[in-house]
Amino acid sequence: MIQFKNISKHFELKGQTVTALDQINLDIPDGCIFGLIGYSGAGKSTLIRLINLLERPSEGQIIIHDKDFTALSSAELRQERTNIGMIFQHFNLLQTKTVAENIEMPLKLLGVSKAERQKRLEELLEFIDLKHKKNAYPDELSGGQKQRVGIARALANHPKILLCDEATSALDPQTTKSVLALLKKINQEQGITIVMVTHEMDVIESVCDYVAVMEQGKVIEHGSTLEIFSQPKHNTTKNFIQTVLQQQLPVNILNNLENQNHNSIYCLKFLGSSAQETVIQVVIKQFDISLNILFANMTEINGAVIGQMFVQLLGDAALIQQAVAFLEQHGVEVTQAGVQQ
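One point on numbering: in numbering that gives the first Met the number 0, the residue at position 166 of the sequence shown is 165, and numbering is uninterrupted.
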């Protein structure tokens, strides 16, 4: 487990003290993919760089597998860092070295024999599907291929933890999808704990088991990805989720309604198995009210379906309340709908 205990980080800037991280307490379970999301300046990149002490905290402890990294000697820290790989937004490949030489570099620096380096190189080239690019140079590769080389280099020494700092933000959507699939494969097949910094909620949705939302140096919300998507509490979290799962009824749909009674509009949120039930059909048949479906979307998080449906309920107020109660009894979260401005 990776544990941040009462972590703060301060910088001196033009004679002023700037707090980048403010009293963070956070646990990252072993073997998971953990996402850190926030807007620019939230502190997420600073936080991830504390894990291998590329940045040292001003206050607090970083405990990894029961070792306090802030208390290690230089020699002990160098040894522990061999268990942590890191990939970057802009790949950080050596331009004058081939793909093979870039991947081998960490092993060469550790004094691993040539035979062992070659064996590991071939394993990694096979894993990232770039055997045919073994002798190519970085400027001969696409962005996705460069990032795959960066991933292979980070895996060279069999790390237990992989840090990804905006690893997909420089890539196009299709390439991002393939790189995320590779990271998911690494996690599932090798059991490596992956910590990802991103500003894209669809990255969190695609691969993360857990997520922490950061703002102004604080963790404002954290939990399982399913929990955060289904029960967001903070407005910043809701804004991020809005980018992949519509949280408010689009105003153009509202303007085209025949009945402009906005109080009759409800948001129905389905979670897990309830998303596949036929409760809507039952409501239509059982209650003498009009139910108009205005807008619907859904996503899948770790095998569980989260769906949202905006409906207009018209008819007798008492019957509408009975219908709402019926939906809630069947696992549907019902709220008055917000409207997107």
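Even for Gly, the Cβ is constructed at its ideal location relative to N, Cα and C.
Original post:
Are the beta-carbon atoms belonging to Met195 and Ile32 less than 9 Å from one another?
Top reply: The residue labelled residue 195 in the question sits at position 196 within the sequence shown. The residue labelled residue 32 in the question sits at position 33 within the sequence shown. Yes.
Original post:
Going by DSSP, which residues form a beta bridge with Ser289?
Top reply: The residue given as residue 289 occupies position 290 in the sequence shown. According to DSSP, which records beta bridges pairwise, Ser289 is partnered with Leu313.
**OP:** Report, in whole angstroms, the separation of the C-beta atoms of Gln307 and Cys266, which I expect to be a contact under 8 Å.
**Re:** Within the sequence shown, the letter at position 308 stands for residue 307. Within the sequence shown, the letter at position 267 stands for residue 266. Correct: roughly 6 Å between the Cβ atoms.
**OP:** Under 7 Å Cβ to Cβ from Thr45, same chain only, skipping five residues before and after it: list those, please.
**Re:** Here residue 45 refers to the residue found at position 46 when the sequence shown is read from its first residue. The residues are Lys8, Ala19, Leu20, Glu54.
**OP:** Assuming Leu181 contacts Val202 (C-beta within less than 8 Å), just tell me the rounded distance between them.
**Re:** For the purposes of this step, residue 181 is taken as residue 182 along the sequence shown, with counting starting at 1. For the purposes of this step, residue 202 is taken as residue 203 along the sequence shown, with counting starting at 1. 13 Å between Cβ atoms; not a contact.
**OP:** Drop a sphere of 10 angstroms on the beta-carbon of Ala274, count the other beta-carbons inside from all chains shown, and report buried for 16 or more, exposed for fewer.
**Re:** Counting from one through the sequence shown, the residue named residue 274 turns up at place 275. Only weak support exists for where Ala274 lies, its pLDDT of 49 falling under 50; the value from the coordinates is given anyway. Ala274 comes out buried.
**OP:** Pull up the distance between the alpha-carbon of Asn341 and that of Leu244, whole angstroms please.
**Re:** The question about residue 341 has no answer, for the chain in this structure spans 0 to 340.
**OP:** Report the three-state DSSP secondary structure of Asp29 (helix, strand or coil).
**Re:** As a working note, residue 29 is residue 30 in the sequence shown. Three-state DSSP puts Asp29 in coil, outside helix and strand.
Original post:
Which residue comes first and which comes last in the beta strand (DSSP E) that contains Phe87?
Top reply: Taking the first residue of the sequence shown as 1, we reach residue 87 at position 88. 83-87 is the span of the beta strand (DSSP E), which, as asked, contains Phe87.
**OP:** Compute the distance between the beta-carbons of Asn355 and Gly30, then report whether it is under 9 Å.
**Re:** Residue 355 falls outside the range modelled here, since the chain spans only 0 to 340, and no answer is possible.
Subject >> Cβ separation of Asn24 and Lys4, assumed to be a contact under 8 Å, to the nearest whole Å >> reply: By one-based count along the sequence shown, residue 24 stands at place 25. By one-based count along the sequence shown, residue 4 stands at place 5. Correct: roughly 6 Å between the Cβ atoms.
**OP:** Tell me, please, which residues DSSP counts as bridged to Glu58.
**Re:** Within the sequence shown, numbered from 1, the residue matching residue 58 stands at position 59. Note: Glu58 sits in a beta bridge opposite Ser7.
Subject >> Beta-carbon proximity check, Asn134 vs Ala166, cutoff 9 Å >> reply: Working through the sequence shown from its first residue, we reach residue 134 at position 135. Working through the sequence shown from its first residue, we reach residue 166 at position 167. For Asn134 and Ala166, no; Cβs fall outside 9 Å.
Subject >> Lys113, enclosing alpha helix (DSSP H) - first and last residue >> reply: The residue labelled residue 113 in the question sits at position 114 within the sequence shown. That run of the alpha helix (DSSP H) goes 113-126.
**OP:** Could you check which residue in Thr192, Gln144, Lys107 has the C-alpha nearest to that of Ala169?
**Re:** On the sequence shown, residue 169 is found 170 positions in, with the first residue counted as 1. The shortest C-alpha separation from Ala169 is found at Gln144.
Subject >> For Ala211, three-class secondary structure by DSSP >> reply: Here residue 211 refers to the residue found at position 212 of the sequence shown. Correct three-state label for Ala211: strand.
Subject >> Val341 - containing alpha helix (DSSP H), residue span >> reply: Past the edges of the chain, shown from 0 to 340, lies residue 341, and the structure says nothing about it.
Subject >> Residues that His221 bridges to, as DSSP identifies them >> reply: The residue given as residue 221 occupies position 222 in the sequence shown. Bridge partners of His221: Ala211.
Subject >> Rounded C-alpha distance that separates Thr69 from Gln78 >> reply: Position 70 of the sequence shown, counted from the start, is the residue given in the question as residue 69. Position 79 of the sequence shown, counted from the start, is the residue given in the question as residue 78. Their backbone Cα atoms lie some 14 Å apart in a straight line.
Subject >> the stretch 73-88 / the stretch 152-166 touching (three or more Cβ pairs under 8 Å) >> reply: yes
Subject >> Arg342 and Leu129 closer than 9 Å at C-beta >> reply: Outside the modelled stretch of the chain, which goes from 0 to 340, sits residue 342, for which no answer is possible.
Original post:
Rounded to the nearest angstrom, how far is the Cβ of Ala303 from that of Leu270, given a contact under 8 Å?
Top reply: Residue 303 sits at position 304 when you count from the first residue of the sequence shown. Residue 270 sits at position 271 when you count from the first residue of the sequence shown. Going by Cβ atoms, the distance from Ala303 to Leu270 rounds to 7 Å, so yes, they are a contact pair.
**OP:** Give the straight-line distance between the Cα atoms of Gln335 and Gln215, rounded to the nearest whole angstrom.
**Re:** Here residue 335 is taken as the residue at index 336 of the sequence shown, counted from 1. Here residue 215 is taken as the residue at index 216 of the sequence shown, counted from 1. Taking the straight line from one Cα to the other gives about 31 Å.
Original post:
Between Ile63 and the rest of its own chain, which residues show a CB-CB distance below 6 Å, the 5 nearest in sequence each way excluded?
Top reply: Translated into the one-based positions of the sequence shown, residue 63 becomes position 64. The residues are Ile1.
Subject >> Element boundaries [alpha helix (DSSP H), containing Phe239] >> reply: Sequence index remark: in the sequence shown, residue 239 carries index 240 (1-based). Start and end: 234-241.
Subject >> C-beta contact flag for Glu332 and Lys268 at 9 Å >> reply: Within the sequence shown, residue 332 is the residue found at index 333, counting from 1. Within the sequence shown, residue 268 is the residue found at index 269, counting from 1. Result yes, Cβ atoms of Glu332 and Lys268 sit closer than 9 Å.
Subject >> Rounded separation between Arg48 and Leu248 - CA only >> reply: Residue mapping note: residue 48 aligns to position 49 of the sequence shown, counting from 1. Residue mapping note: residue 248 aligns to position 249 of the sequence shown, counting from 1. One C-alpha to the other measures close to 39 Å.
Subject >> Cβ neighbours of Phe300 in the same chain (closer than 7 Å, five flanking residues each side left out) >> reply: Here residue 300 refers to the residue found at position 301 of the sequence shown. One detail in the question is off: residue 300 reads as Ile in this sequence, not Phe. Cβ neighbours of Ile300 beyond the five flanking positions: Glu204, Thr224, Leu225, Phe228.
Original post:
Tell me the DSSP bridge mates of Asp67?
Top reply: Within the sequence shown, numbered from 1, the residue matching residue 67 stands at position 68. DSSP lists Ile62 as partners of Asp67.
Subject >> Counterpart residues of Lys13 in DSSP-defined beta bridges >> reply: Numbered from its first residue, the sequence shown carries residue 13 at position 14. Paired residue(s): none; Lys13 is not in a bridge.
Subject >> Span of the alpha helix (DSSP H) around Gln245 >> reply: Residue numbering aside, residue 245 sits at position 246 when the sequence shown is read from its first letter. Segment: none, Gln245 is in no alpha helix (DSSP H) and carries neither H nor E.
Original post:
Between the C-alpha atoms of Val210 and Ile27, what's the straight-line distance to the nearest angstrom?
Top reply: Start at 1 with the first residue of the sequence shown, and residue 210 comes out as number 211. Start at 1 with the first residue of the sequence shown, and residue 27 comes out as number 28. Distance between the alpha carbons of Val210 and Ile27: 9 Å.
Original post:
Going straight from the alpha carbon of Gln340 to that of Ala324, what length do you get?
Top reply: As a position in the sequence shown, residue 340 is number 341, starting the count at 1. As a position in the sequence shown, residue 324 is number 325, starting the count at 1. Bear in mind that the predicted position of Gln340 carries a pLDDT of just 46, short of 50, making it too unreliable to give a figure here.
Original post:
Asp171 by DSSP, collapsed to three states: which one?
Top reply: On the sequence shown, position 172 is the one that residue 171 refers to. Of the three classes helix, strand and coil, the one that applies to Asp171 here is coil, per DSSP.
Original post:
Helix, strand or coil: how does DSSP classify Ile191 here?
Top reply: Start at 1 with the first residue of the sequence shown, and residue 191 comes out as number 192. In the structure shown, Ile191 sits in coil (DSSP, three-state: anything other than H, G, I, E or B).
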